[in-house]
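Right, one structure below, let's go through it.
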Amino acid sequence: MKAILEDPTFESADQMAKAVIKEVAEILQMRDWVALVHTWADGHRGLNFAPFGNSAEAEAFAKRMAFGGTGRLVRLHSPGVLLANTTGKKGWKGYCLHPECGHAPFTHSAATAARGACQIPTCPCNGFQK
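First residue of the sequence shown: 4, per our numbering; consecutive thereafter.
Listed below in structure tokens is the structure:
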């Protein structure tokens with residue numbers, strides 16, 4: 004973001020604003036969110052609120068609202084992360100070397116003897132690409 008704001012090559016404020024909006028959308032696509040799922044006291048589906056940036060933010064909102072019933076938090080996983088884990092993304096971490104797997108790099112061992120080895124039994128890969 005800082006690089007965009009300090010870039011002197013933009014010809015207009017509109018051009019820079021477009022680049023900033025695109026970058027922010029890209030960042031937001033890569034983060035997980037939290038939803039507050041509500042159920043009325045009689046058991047019927049209630050009101051759902053989202054997105055919240057974290058659990059504390061959702062809980063603070065729930066405390067300010069006094070409409071009865073119960074609520075729980077549900078993690079909304081990022082579609083951007085899911086896509087990056089399977090198809091790749093500029094600046095994203097490694098991917099499975101097996102072309103049909105596409106699992107995330109954290110499923111590969113970080114242990115010294117097995118460094119890079121896949122920890123998913125059904126995947127035949129032996130490392131990940133950077």
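Just so you know, even glycine gets a beta-carbon here, dropped at the ideal spot from N, CA and C.
- Burial is judged here by how many other beta carbons sit within 10 angstroms of a residue's own beta carbon; PHE55 has at least 16 and is buried.
- When rounded, the separation of the alpha-carbon atoms in ALA65 and VAL27 is 27 Å.
- VAL84 is positioned such that its CB atom lies closer than 8 Å to that of MET33.
- According to the DSSP secondary-structure assignment, ASN51 is paired through a beta bridge with VAL40.
- The straight-line gap separating the alpha-carbon atoms of VAL77 and HIS41 is approximately 11 Å.
- If the five residues before and after SER81 are omitted, its C-beta is found closer than 8 Å to the C-beta atoms of GLN32, MET33, ARG34, ASP35 and TRP36, all from its own chain and listed in chain order.
- With respect to LEU39, ALA6 sits apart: the two C-beta atoms are not nearer than 8 Å.
- A Cβ-Cβ separation of about 5 Å places GLY71 in contact with ALA44 under the 8 Å criterion.
- DSSP places GLY74 within a strand segment (E or B) once states are collapsed to three.
- In the DSSP assignment, ALA63 falls within the alpha helix (DSSP H) that extends over 58-67.
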